[in-house]
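In what follows, a structure is listed as structure tokens, so that the remarks can point back to it.
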Amino acid sequence: RGFLPHIVLESALIDMYGECGQLKSAEVVFDRMAEKNLVSWNSIIAAYVQNGKSYSALELFQELCDSSLVPDSTTIASILPAYAESLSLSEGRQLHAYIVKARYESN
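Residue numbers (the UniProt record's numbering): 1 to 107.
Encoded structure:
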């Protein structure tokens, strides 16, 4: 009692490690999570992007899309720089189609 649920703490750790450039530590926390929610996925994707690992971030985004979870506007904002860095027109079009299909609104 009085402690945060594991998933909240683990997601916060992933954020912290990502912001501190400790991507390996963020990966360890994510890989060991018993339960992953959209916040934890967004955290690890953002950590990869922040640390210049766009290709890995794109792979994780694809894994997320293949799961039962549905990416949200935070996910899209996190992954967008990875798509821009990849310079892949076809991948950019796929993301654009996903955004239109999901009807995300600009903030």
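By construction, the Cβ of each residue, glycine as well, lies at the ideal position given by its N, Cα and C atoms. Quick caveat, the model's predicted, so the values are computed rather than measured.
| Query | Result |
| --- | --- |
| Local conformation of residue 42 per DSSP, three classes | helix |
| Residue 18 versus residue 24 - alpha carbon distance | 9 Å |
| Exposure of residue 10, with buried meaning 16 or more beta-carbon neighbours within 10 Å | buried |
| For residue 90 and residue 96, the rounded distance between their alpha carbons | 10 Å |
| Entirely enclosed alpha helix (DSSP H) segments - the region 23 to 106, minimum 4 residues | 23 to 32, 38 to 50, 54 to 66, 73 to 86, 89 to 102 |
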